[in-house]
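As you go down the protein sequences, you meet chains H and D in turn. Numbering-wise, this note's numbering puts 76 at position 76 of the first sequence, and it's gapless, one number per residue. Heads up, this note's numbering is the position in the second sequence plus 1000, with the first residue counted as 1. Even for Gly, the Cβ is constructed at its ideal location relative to N, Cα and C. Small disclaimer: the values here were computed from a predicted structure and weren't measured. Taking it in order: structure first as C-alpha cells, then the write-up.
Number of protein chains: 2
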Amino acid sequence: MENFFNPKSVAVIGVSESPANMAKNIVGNLIEFGFKGIIYQVGKTEGTLFSRKIYRSVLEIEDKIDLAVILTPAAAIPQLMEECGKKNIHNIVIESAGFGEFGEKGKELEKTILKIAKKYNIRFIGPNCIGTMDLASGLATSFVSFKNTFKRDGISIVSQSGGVGFSYITTLASENLGISKFASIGNKLNVNENDLLEYLIDDPETKIICIYLEGISNGRKLLEIAKRSPKPVLVQKANTGSHAKSIAESHTAALSSDDKVVDAALKQSGIARILDRETLVNYLKIMPLPKMRGNKLAIISRSGGHAIIAADVSEQEGFELAALNKNFLHDIEKHLRAKVIRLTNPIDIGDLFDYGVYAEIIEKTLKQPNIDGVVFMHAYFSETEGTPSRVLFNKIKDLSYKYDKPVGICIATDEDEFSRLRKELDYPLFNVPSAVVRALALSRDFYLKRSSVIARSEVTKQSPANNCTQGIATAASRPRNDKTAKILRTCLSQKRNPSFQEGMEIFKAYGIPIVKTIQAKNADEAVRAAAKIGYPVVMKISSQKISHKTDVGGVKLNIKNESQLREEHKAMMKTLFQTPSSLRKQGSRALTRDSRLRGNDNREVIIQPMLKKGWELILGAKQDPNFGPVVLAGLGGIFVEIFKDTTIRVVPIDKDEPAKMLSELKGYAILQGARGDKPYDIKAAEAAISKLARLIADFPEIKEIDINPFYVLHKGGGGFALDARVILFAPRPVKIKIDRKAG
Amino acid sequence: MENFFNPKSVAVIGVSESPANMAKNIVGNLIEFGFKGIIYQVGKTEGTLFSRKIYRSVLEIEDKIDLAVILTPAAAIPQLMEECGKKNIHNIVIESAGFGEFGEKGKELEKTILKIAKKYNIRFIGPNCIGTMDLASGLATSFVSFKNTFKRDGISIVSQSGGVGFSYITTLASENLGISKFASIGNKLNVNENDLLEYLIDDPETKIICIYLEGISNGRKLLEIAKRSPKPVLVQKANTGSHAKSIAESHTAALSSDDKVVDAALKQSGIARILDRETLVNYLKIMPLPKMRGNKLAIISRSGGHAIIAADVSEQEGFELAALNKNFLHDIEKHLRAKVIRLTNPIDIGDLFDYGVYAEIIEKTLKQPNIDGVVFMHAYFSETEGTPSRVLFNKIKDLSYKYDKPVGICIATDEDEFSRLRKELDYPLFNVPSAVVRALALSRDFYLKRSSVIARSEVTKQSPANNCTQGIATAASRPRNDKTAKILRTCLSQKRNPSFQEGMEIFKAYGIPIVKTIQAKNADEAVRAAAKIGYPVVMKISSQKISHKTDVGGVKLNIKNESQLREEHKAMMKTLFQTPSSLRKQGSRALTRDSRLRGNDNREVIIQPMLKKGWELILGAKQDPNFGPVVLAGLGGIFVEIFKDTTIRVVPIDKDEPAKMLSELKGYAILQGARGDKPYDIKAAEAAISKLARLIADFPEIKEIDINPFYVLHKGGGGFALDARVILFAPRPVKIKIDRKAG
C-alpha cells in the first residue's frame, strides 16, 4: 500500500498536449505539491508537456515505476494495465469513469481488469475516483487542479466519493485542521476501505482516520479492524434511504433496516459515526484535546445569554453542571473591587474586565476534582480586545494540557478575527455555543465507549482460548448443536423452512425456554392436548404463513374448558378458512386480501397453557449481508409496531451486552415495574438473547429468526418463547403473506 | 418607539475623559456609523471628548433631545432620569447593569426608575443591555466598540442578551445577510419584545424579525401580535432547562413543561422557532427566495456523493424526489456527445462539463409542474472554474425568480472562494448538503403553517362576531356556565379544590360525557350503588390525594357480584388504610412512604360500570403563566408515563385543531385500529378536547384539570371521563402527594 502514497516514481497515463486533456492536471498537482519522486508522462501521442517528454507507453520508460495513475477512456484501460503488468508496476490508481456505474458493458470491463490485476499481481484503487494525496511525500494525483494550501498534520481521509472527499478536505482546510493522507476509492473494485484502514492504523503519520462510505465492502472485517485500532476511526455512512432496505420476511428483518445495523455495528466497534459536517468538525477539533473523562462540566461565560444557551445544551447532552467549591470563588473575590460574580455554574464573568482573573478562574475551576471539563465562552471585538484575548487563549491551552482536562473555547467575535485566529492558534476554537458543548459530549461518549471496546479487545488478545467473547464462541471454534443441525438438514433437503414445532425444538436445544406446546390436527386432538396441559389454555393457528396471528383471528386466549375449546376451534376454522365475502362481514380485513390461504393450509392448531400476567418481548436474529449475524430485542406488540422500540447488536456479543440492550429500550421502565407493577424477569430475557446470539452465529444457513413473543413473567417467574419462526436461506421462498406490515 | 432608532438628537450620559470610561464608546460608535442627528455628551465632570463639549447635565443642553443613552453606575440613574424627565426626554436606553439581576437592592432600584418613568411618561429600554442600532439612521449605541462593516438590508433583531445579540449580528455579517435594526433589551423593565415586535411589523425597512428571549414577558400578547404579522417572525427561546419547570400538582402540569407550551404556542402563531445557529442562518437565507410550495424536490449534483447525502436528508425531511419527465432529459441528451446522464432524481451531472447544459437542465427542471424546488450542488475549484461558476449562479438566481420556485445552491469549493462569493453574490449560498435541504424544508413548513395561520386570522378579522375561533369564544364574550361557577364559588369559599363528584359535574355541564358514578361511604352503600348501576362494576377509592390510584391498590376492575364487591371493598380499605409495615409486606411501595393518609381520609369509594374494551386517553388543561389557558391530550397509562406522548395547544383552538392534536400523537395508529383492532372513537375524544378548551378559557380561577382517563370505546361507542381532578388557584394547596412521578 505504501506505493499508493509514497512512491519513488509515478507514471501518469493519459496525458496529451491538448488543452482539454484532464490527465495533465494530475501532473500539475504533483508539481504544485512538490512531489519528491520522479514523474513520467504517458499518452497516445508523443509530445512535450511541463518541459517533460510524453512517452507512448510505460514500456518505453527505462526506470522502475512504483505507481501508475490512469485517466483515459474506460475502454483503453485493459490494454494499459497489461502494459503496466509487463512493466512490473504493482500499484495503479484508475481515475476513469465508465465502469460498473454505467451498466452491463461497464461491469464486463470490471471483470476484465480484475482478471488482469490478478494475473500481474497488481493492486489498484478505483476506478471512478480522484486518486490519492499525501502531504509528506507531495503526492497529489487528483485530476482536479488543487492549490497546495493545506496544513499538514495527522488526519487521514478515505472517501468513496470524490466530491465528498473534496468537501472533507476543504472543510478541514477552512477549520485549519491538518491533513496527512487522502484516498478517493470510487468503485473500490480492488482496494477497499478495509485495506486502507489497516494501512492507516499502522501509518506513523496518521493520528485520526475519517472514512466516507456509501456502501460497506465487508462490514465484519471493518469492525474487526476498527476494534483493534488504537487511533480514533470516524465513519460517515450515507445512503441510508429506505430504498436500501432489504425485503423482509420476518419482524426481525423488517425492524433491523440496514442503517440500524450499521449504527449498532459502528458503536460496537468503537467507531464514531459522523452524521453531518458539524459532528465531523466537532470530533476533529475535540479529539486532540485531553479527554472528557466524566460528566461534570463547568461553564464560564462573559455573556449571560451564551451561558444560558450552553446550559440548555448541556442538559440535553446529559452533562451535570457541578457545584463549585465555595472557597474557590471566595479566593477570587479577594482580587475584585466589588462582588460582581456569583457562586453559580455557569459562572457569569460579564461584569469582570480583567483577563488575569479570567485565567485564574479557569485554572481554579480545572483544579476542582469534581470538574471533568470546562466551556469558556468569550465575546469580544478584535479591535479593542484582540491582543489580551489571544494571550488568554494560549494560556488556556497550557492550562488544559497541564490539568489534563479539556477546555472548549467558544468565541463570539468578528469574522476576520475568527478566521485569523483559527489559522494562528494551535488550539481548536468554536464559535457556536451548542457546538462546543456537543463536542465535549462527543469526547466523553467516544472515549467512554472506546475504552470499553479496547479493554475488551485486550482481554481477547490475552486469552485466545476464550476467543471473541465470554460465553459465546464463534461457530468455527465450537461444535454445532446436533439436534439443530439435523432439523435444518431435513428442512433444506425438503426445500422448506422449519415448522413452528421444529423452531421450538431448536430453541429448546439452545436452552431458550419454550412454553409447553402440543400440536393438534382437529378439535378432538385439541381437546386431548388441553387435557394434558391443563385448563385454561391458549389455542393458536399453526400456520407458517401468518405472522400476525392475532390480527386475523388466529389466537384465542384463556379457554377454560372442553366445550369452550370445541366452540372456539370451530369458530377459528370458520374465520380462517371460509370464503372472503363472509369474512368481510366479520371484519377480518387482513385475511380477505389473500384468498390463497383457503383450503391450502393444514388447519393445525397448537395448544399452550394460559400463562400468568407477563409482558411480551420480541427477540430476533438475522444474517445481515454486511455485518453477518445480528440479534435484536424489543418490547412486543404495539410497542414494536408503533414505536419501533428496538435494539440491535452484531454477534458475537459480550456477556453483559443483553442487559445493556434491554436497558436501551424506551419502554425499559415497564420491565422494571412501572406504575406500581412488579418488575418482570429481565434476567430471563437476557439469557434468551445470549442464546439466540449463539444460535444465529452457529448456523449461517439461518436467514432470520423471530421469537415473537418471548413472554416474561414477573421477576423470578422466567420467560418463554410462545412462538417460533425460523427462515432459512433459499429453501423455497414462503410466498404467501397476509400481514400488511412485516411483509 | 421611532426615537429609539431614528432620533434627531442623542444625549450620551456617563461620558468622561478617563481612558477607562465606557460610555465614550457609545459616542465612538455613533460617529463610526455616521449618525445623521446631533450627538450631545453628558458626564459628571465638564470636559472635551471627540472635539465636543461634555455637559454636566441634560438640563444644560439647549436643544431638544429625542433619545438619552445612559451608562453610569446604577445608583446614579434615578437622579439622571429625573433630569431627563424634566428635559422632556421621552426615550431612554439604560445600559448600566446592577439592577434586578443583583438581588434585592437592585430590585428596589427597578421600582424607583419605573416610578420615575411613569411620572414623566418615559419609555426606556434596558437596563443591563447594549442598546440599539439602526443602519439607516446611523444610530449605534452599544458601549462595545463596533466597526461598521455591516450590510444594510431587511433583517431586524431584538435580543434579551447583549452577547447573543452580538453573535446574531456577527453571524449575519459573516453570511453577508443585511441588517436593518437591532435592539438589546436586557432586563426589559419597560420596553419589551412585544413593543418592539409591533414596531418592527410596521417598520417599512424591516422584512424579517428575529427575536432572542430567555423569558417571555407576555406570551399571549406575543402570539396575538405574531399572528397578525405579514412578515416572518423568528424566535429563539433559551432557558429551556428542567429547573424552569413549574411545580406540578397534576399530570397535565407535569406533562406540559414550560418549554413544551412555548413550542406549541410559537407553532400556533406561525412563529418559526430557532433552535440553533444553523436553523437561524438557514431561515434567513431561504426566506427571501421564492417559497417552497410543496413537497417535490429535484436534486441536481455534480458529485454523486453529495447527491446521495442530499437524498438521505431529503428523505428525513419528508421530501419526495419526484420522477422527471422523460422527454425532458431526452431533449438534453440531444446536446451531448455521449449518454452520460441517467433519467433519475437525483440527477448526477458529474460527467458533463458544460455550464450551458447545467443551466438548461436547471431551467427544464424548474419548468416541470411536479417539481416545487431544486437543490443544485456544485463542486469546483475557483482557480479553474471560478468564472463560469459565477455566471451560472447569477443565471440560477434569475431562473429561480422567473419560475417562482426556490433553487438552493450548495457549493464545495475553497474557503476563500466561498467567502468572496457570499459577499459578492446577491443570492444565498450553502456549503453543507444537509443544510440546503433542511433550509428548503424550513421554507416549506414555515409557509404552509404560516398561510394557515394567516388564513385563519383573516377569517377572524372579517367576522368579529365569530371572534377568536369557530366554536370557542373567549371567556369575556360568553356567559359563564352557571353550574360550574356555583361549584367553584363554593370550593373557593371553603378553600378547597372541587371533589371528584364536583369535577364530574363540571365536565357534564360542559358536555363532556362522564361515566355513571355513584359515591359510597361504606360497603353497604357500595352494594346499593352497584345494584343501581348493574354488575359488573368498577370500584375506586375517591381520594383527592391520590393521583395514581391503580398504583396504590385503589382501583378494582370487573367486580361481578355483591359478595365479590364486599370482599374487594374490605381488601381495598385494608390495603389503603392499614399500617405501613404490613403494607410493605404486600408490596404497596408507594403508599408506605406517606402515612398521613391513614385515618385521615373519608374512605369513600366510587362505583362505576365496567366498560367494554376501549383505550385510555389523558386529556388535560391548565393556565400557563406565560400563555394562559392550554389544553393537552395524550395516550393514557404507560404511554404518557413512559413515552411522554402528548400534544399541547394554547386555547382558543380552531374547530379542526383537536383532530390535528390527536393525529400528532406517536400512538395515533392505535386509535385508528392497529394490528387488526377496530378503530376507536376518535371523534368523541376530539369533542371532549374542544369542550375542555372552552372550560379552561371560561374559568381563569381553574389552575389545572386532569381527565385521566378519558376512556374511548370503539368507533361509534363514544368516550367517557372516568375520573376528574380540578385544581384551583390558591384555594388551599393540596399537600399530601402519594404519587412519585406526577408529584
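Q. Hey, how far is the Cα of valine 375 of chain H from the Cα of isoleucine 300 of chain H?
A. What you label residue 375 of chain H is simply residue 375 of the first sequence in a count that begins at 1. What you label residue 300 of chain H is simply residue 300 of the first sequence in a count that begins at 1. When rounded, the distance between both Cα atoms is 6 angstroms.
Q: Report the residue from D/Gly1628, D/Leu1611, D/Ala1359 whose alpha carbon sits nearest the alpha carbon of histidine 1714 of chain D.
A: Mapped onto the second sequence, residue 1714 of chain D falls at position 714. Ranking the options by Cα distance to histidine 1714 of chain D, first place goes to D/Leu1611.
(Q) So glutamate 641 of chain H contacts chain D; which residues on that side make the cut at Cβ distance below 8 angstroms? (A) Position 641 of the first sequence, counted from the start, is the residue given in the question as residue 641 of chain H. Residues of chain D passing the Cβ test: Ala1669, Ala1674, Arg1675.
Q. By Cβ distance, which residues of its chain are closer than 6 angstroms to asparagine 370 of chain H, with the 5 residues on each side in sequence left out?
A. Here the question's residue 370 of chain H lines up with position 370 in the first sequence. Cβ within range, chain order: Lys296, Ala322.
**Q.** Paired residues, beta bridge with serine 1009 of chain D - DSSP
**A.** The count along the second sequence starts at 1 and reaches residue 1009 of chain D at position 9. Answer is D/Ile1038, bridged to serine 1009 of chain D.
(Q) Comparing C-alpha positions only, which one of H/Phe729, H/Ile705, H/Ile702, H/Pro679 sits nearest to glycine 718 of chain H? (A) In the first sequence, the residue the question calls residue 718 of chain H occupies position 718. Closest by C-alpha distance to glycine 718 of chain H, out of H/Phe729, H/Ile705, H/Ile702, H/Pro679, is H/Pro679.
Q: Within 10 angstroms of the Cβ of alanine 68 of chain H, are there 16 or more other Cβ atoms? Answer buried if so, exposed if not.
A: Counting from one through the first sequence, the residue named residue 68 of chain H turns up at place 68. Alanine 68 of chain H counts as buried, since at least 16 other C-beta atoms from the protein chains shown sit within 10 angstroms of its C-beta.
Q) Given a limit of 7 angstroms on CB to CB distance, which residues of the segment 1096 to 1107 of chain D reach chain H? A) For the segment 1096 to 1107 of chain D, which is checked against every Cβ of chain H, the residues closer than 7 angstroms are Ala1097.
Q) Is serine 142 of chain H closer than 8 angstroms to glycine 131 of chain H when the C-beta atoms are compared? A) The residue labelled residue 131 of chain H in the question sits at position 131 within the first sequence. The residue labelled residue 142 of chain H in the question sits at position 142 within the first sequence. One thing to note: glycine 131 of chain H has its Cβ within 8 angstroms of the Cβ of serine 142 of chain H.
Q. At what residues does the alpha helix (DSSP H) containing aspartate 624 of chain H begin and finish?
A. Residue mapping note: residue 624 of chain H aligns to position 624 of the first sequence, counting from 1. Annotation: aspartate 624 of chain H is outside any alpha helix (DSSP H); the continuous beta strand (DSSP E) that includes it extends over 614 to 624.
Q. Across which residues does DSSP place glutamine 1236 of chain D in a beta bridge pair?
A. For the purposes of this step, residue 1236 of chain D is identified with residue 236 of the second sequence, where counting begins at 1. BP columns for glutamine 1236 of chain D point to D/Tyr1212.
Q) Under the rule that 16 or more other beta-carbon atoms within 10 Å means buried, what is alanine 1685 of chain D, buried or exposed? A) Looking up residue 1685 of chain D in the second sequence gives position 685. Per the 10 Å Cβ criterion, buried.
Q: Can you tell me which of the three DSSP states isoleucine 696 of chain H falls into?
A: Sequence index remark: in the first sequence, residue 696 of chain H carries index 696 (1-based). The three-state reading of DSSP puts isoleucine 696 of chain H in helix, counting H, G and I together.
**Q.** Residues near serine 9 of chain H by beta carbon distance below 8 angstroms, same chain, minus five either side
**A.** One-based indexing of the first sequence puts residue 9 of chain H at position 9. For serine 9 of chain H, where only same-chain residues beyond five positions count, the Cβ hits under 8 angstroms are Gly37, Ile38, Ile39, Tyr40, Asp63, Lys64, Ile65, Asp66, Leu67.
Q) Taking Cβ positions only, does alanine 183 of chain H come closer than 8 angstroms to chain D? A) Along the first sequence, read from residue 1 onward, the residue named residue 183 of chain H stands at position 183. Look at alanine 183 of chain H: its C-beta is not under 8 angstroms from any C-beta on chain D.
Q. Hey, is threonine 550 of chain H's beta-carbon within less than 8 angstroms of any beta-carbon in chain D?
A. Within the first sequence, the letter at position 550 stands for residue 550 of chain H. Yes - at least one Cβ of chain D is within 8 angstroms of the one on threonine 550 of chain H.
Q.
Beta-carbon within less than 6 angstroms of glutamate 1360 of chain D's beta-carbon, same chain only, minus the 5 sequence neighbours each way: which residues are those?
A. Position 360 of the second sequence, counting from 1, holds the residue named residue 1360 of chain D. Nothing meets the Cβ criterion.
Q.
Can you list, in chain order, the residues of its chain with a C-beta nearer than 7 angstroms to that of threonine 1206 of chain D? Leave out the 5 residues immediately preceding and following it.
A. Position 206 of the second sequence, counted from the first residue, corresponds to residue 1206 of chain D. Cβ neighbours of threonine 1206 of chain D beyond the five flanking positions: Gly1154, Ser1156, Ser1180, Lys1181, Leu1200, Lys1231.
(Q) Can you confirm whether lysine 147 of chain H, when its beta carbon is compared against all beta carbons of chain D, has any partner nearer than 8 angstroms? (A) Locating residue 147 of chain H in the first sequence gives position 147, where the first residue counts as 1. So yes, lysine 147 of chain H belongs to the interface.
Q) Do you know offhand how far asparagine 1194 of chain D's Cα is from methionine 1081 of chain D's? A) What you label residue 1194 of chain D is simply residue 194 of the second sequence in a count that begins at 1. What you label residue 1081 of chain D is simply residue 81 of the second sequence in a count that begins at 1. Roughly 24 angstroms between the two C-alpha positions.
Q) Distance, Cα to Cα, serine 763 of chain H vs threonine 72 of chain H? A) Chain H is shown only over 1 to 743; residue 763 of chain H falls outside these bounds and no answer can be derived.
Q: Answer yes or no: does any C-beta atom of chain D fall closer than 8 angstroms to that of threonine 592 of chain H?
A: The residue labelled residue 592 of chain H in the question sits at position 592 within the first sequence. Note that threonine 592 of chain H scores a pLDDT of 41, beneath 50, so its modelled location is shaky and nothing firm can be said.
**Q.** Alpha carbon of lysine 434 of chain H to alpha carbon of lysine 1423 of chain D, nearest angstrom
**A.** Position 434 of the first sequence, counting from 1, holds the residue named residue 434 of chain H. Position 423 of the second sequence, counting from 1, holds the residue named residue 1423 of chain D. Here the sequence assigns serine to residue 434 of chain H, which means lysine is not the residue at that position. About 26 angstroms.
Q) Under a three-way DSSP split, which group does asparagine 3 of chain H fall into? A) Stepping through the first sequence from its first residue, residue 3 of chain H is reached at position 3. If DSSP states are grouped into helix, strand and coil, asparagine 3 of chain H belongs with the helices.
Q. At which residues does the beta strand (DSSP E) containing valine 712 of chain H begin and terminate?
A. Along the first sequence, one-based indexing puts residue 712 of chain H at 712. 702 to 713 is the extent of the beta strand (DSSP E) around valine 712 of chain H.
Q: Could you tell me whether any Cβ in chain D is nearer than 8 angstroms to the Cβ of aspartate 654 of chain H?
A: Here residue 654 of chain H is taken as the residue at index 654 of the first sequence, counted from 1. For aspartate 654 of chain H, the answer is no, since every Cβ of chain D falls outside 8 angstroms of its Cβ.
Q. Where do the N-terminal and C-terminal ends of the beta strand (DSSP E) with threonine 1647 of chain D fall, by residue?
A. Residue 1647 of chain D sits at position 647 when you count from the first residue of the second sequence. From DSSP, the beta strand (DSSP E) with threonine 1647 of chain D extends over 1646 to 1650.
Q) Looking at asparagine 88 of chain H and asparagine 128 of chain H, is the spacing between their C-beta atoms short of 8 angstroms? A) Taking the first sequence and counting its residues from 1, the one referred to as residue 128 of chain H is at position 128. Taking the first sequence and counting its residues from 1, the one referred to as residue 88 of chain H is at position 88. Remark: C-beta atoms of asparagine 128 of chain H and asparagine 88 of chain H do not approach each other more closely than 8 angstroms.
Q: Could you name the residues of chain D that histidine 714 of chain H contacts, counting a contact when the two beta carbons are closer than 8 angstroms?
A: Position 714 of the first sequence, counting from 1, holds the residue named residue 714 of chain H. Neighbours of histidine 714 of chain H in chain D, taken as residues at a C-beta separation under 8 angstroms, are lacking, since the least C-beta distance is about 11 angstroms.
Q: Please confirm if arginine 1277 of chain D has its CB atom under 8 angstroms from at least one CB of chain H.
A: The residue you call residue 1277 of chain D lines up with position 277 of the second sequence. Yes, because at least one Cβ of chain H sits closer than 8 angstroms to the Cβ of arginine 1277 of chain D.
Q: Within its chain, find whatever has a CB closer than 8 angstroms to the CB of valine 1555 of chain D; leave out the 5 residues flanking it on each side and keep chain order.
A: Here residue 1555 of chain D refers to the residue found at position 555 of the second sequence. So the list reads Val1538, Met1539, Lys1540, Ile1541, Lys1549, once near-sequence residues are dropped.
Q | Coarse secondary structure for glutamate 95 of chain H, derived from DSSP in three states | A | Looking up residue 95 of chain H in the first sequence gives position 95. Glutamate 95 of chain H falls in the coil class under three-state DSSP.
Q. What's the call for glycine 14 of chain H, buried or exposed, on a 16-neighbour Cβ count within 10 Å?
A. The residue you call residue 14 of chain H lines up with position 14 of the first sequence. Burial call: buried.
Q) Of the choices D/Phe1319, D/Phe1328, D/Asp1416, D/Gln1268, whose alpha-carbon is the least far from that of arginine 1228 of chain D? A) Within the second sequence, the letter at position 228 stands for residue 1228 of chain D. Its Cα nearest to that of arginine 1228 of chain D, the residue D/Gln1268 stands out among D/Phe1319, D/Phe1328, D/Asp1416, D/Gln1268.
Q: State yes or no: is the beta carbon of glutamate 198 of chain H nearer than 8 angstroms to at least one beta carbon in chain D?
A: To locate residue 198 of chain H, count along the first sequence from 1; it is residue 198. No, glutamate 198 of chain H lies away from the interface with chain D (no Cβ there is under 8 angstroms from its Cβ).
Q.
For the pair the segment 1623 to 1638 of chain D and the segment 1522 to 1531 of chain D, tell me if three or more CB-CB distances fall below 8 angstroms.
A. With a cut-off of 8 angstroms on Cβ pairs, the segment 1623 to 1638 of chain D is not in contact with the segment 1522 to 1531 of chain D, counting fewer than three such pairs.
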